[in-house]
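A short write-up of the structure that comes next.
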Amino acid sequence: DSPVAGYMMAKRGIRVSAIHFVSPPYTSDRARLKVEQLCEKMTDYCGDMHFYCVPFTEIQEQLKRRCPEEFFTILMRRMMMLIAQEIAKKEEALALITGESVGQVASQTIQAMVCTDAVCKCPVFRPCIGMDKTEIIEIARKIDTFDISIQPYEDCCTVFTPRHPKIRPQLDAIEAAQEKGHFEEMIERAVAGTECKTFRVGQ
């Protein structure tokens, strides 16, 4: 979904960078390689692009230790947004882009998105918001990212997946759960440990 979202924005003239979160040993190098292959493909549409790889293990393990299981996914996405905002500042980027569409998974209800966006100080664009999976797949096939995207490697969104995720969370409950995690220094370490790679057209 993310490549499709990036493509949708790029075709309107927006310069796009990519952010990927890794959680070794729970995620593999092959998952990162898959995303790098997608970045190579996306240069056909986006031009040269930066790829940021964020170490996320410490934060996910803290989520598991300190936060209610039903909130894992939403809290994880809030952490991602906070980190992405810091990277965006360094990039002088004006907004974040995600591949979410309403109701596709538990974390993509309107209520969940409101809770996620509450940590954001910049706009969050979701160009796939009104599409269903079939429409997204159709575009992925068109831009030749589908076959790469379906490679079955675990990413950090599959780590510690809650059995019964909260689909209509209340923001005050989410914020209270986040406070218990004391994530501030972990977010700083994740940003400091982020690696950047540039993919260029034709390479």
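According to my numbering, the stretch in the sequence shown is residues 1 to 203, in order.
Cβ atoms here follow ideal geometry from the backbone N, Cα and C, with glycine treated the same way.
Simplified DSSP state of residue i, which is helix, strand or coil
| i | result |
| --- | --- |
| residue 55 | strand |
| residue 146 | helix |
| residue 139 | helix |
| residue 18 | strand |
| residue 187 | helix |
| residue 110 | helix |
| residue 94 | coil |
Residue range of the beta strand (DSSP E) that includes residue i
| i | result |
| --- | --- |
| residue 198 | 195 to 199 |
| residue 129 | No beta strand (DSSP E) contains residue 129, which DSSP labels as neither H nor E. |
N-terminal and C-terminal residue of the alpha helix (DSSP H) that residue i is part of
| i | result |
| --- | --- |
| residue 72 | 72 to 91 |
| residue 177 | 171 to 181 |
| residue 34 | 29 to 46 |
Top-ranked residue by Cα proximity to residue i, from the options
| i | options | result |
| --- | --- | --- |
| residue 45 | 197, 152, 16, 131 | 16 |
| residue 84 | 155, 20, 178, 171 | 20 |
| residue 120 | 149, 86, 152 | 86 |
| residue 179 | 129, 75, 35 | 75 |
| residue 52 | 65, 185, 66, 32 | 32 |
| residue 5 | 24, 202, 173, 146 | 146 |
Whole-angstrom distance between residue j and residue i, CA atom to CA atom
| i | j | result |
| --- | --- | --- |
| residue 192 | residue 28 | 21 Å |
| residue 142 | residue 38 | 14 Å |
| residue 124 | residue 61 | 26 Å |
| residue 165 | residue 10 | 33 Å |
| residue 90 | residue 194 | 12 Å |
| residue 114 | residue 171 | 8 Å |
| residue 136 | residue 47 | 21 Å |
| residue 181 | residue 160 | 16 Å |
| residue 190 | residue 55 | 6 Å |
| residue 197 | residue 95 | 20 Å |
| residue 35 | residue 130 | 24 Å |
Beta-carbon contacts of residue i that lie in its chain and below 7 Å, excluding the five residues immediately before and after
| i | result |
| --- | --- |
| residue 183 | 59, 62, 79 |
Contacts around residue i, its chain only, beta-carbon distance under 6 Å, and the 5 residues preceding and following it disregarded
| i | result |
| --- | --- |
| residue 69 | 162 |
| residue 26 | 159 |
| residue 134 | none |
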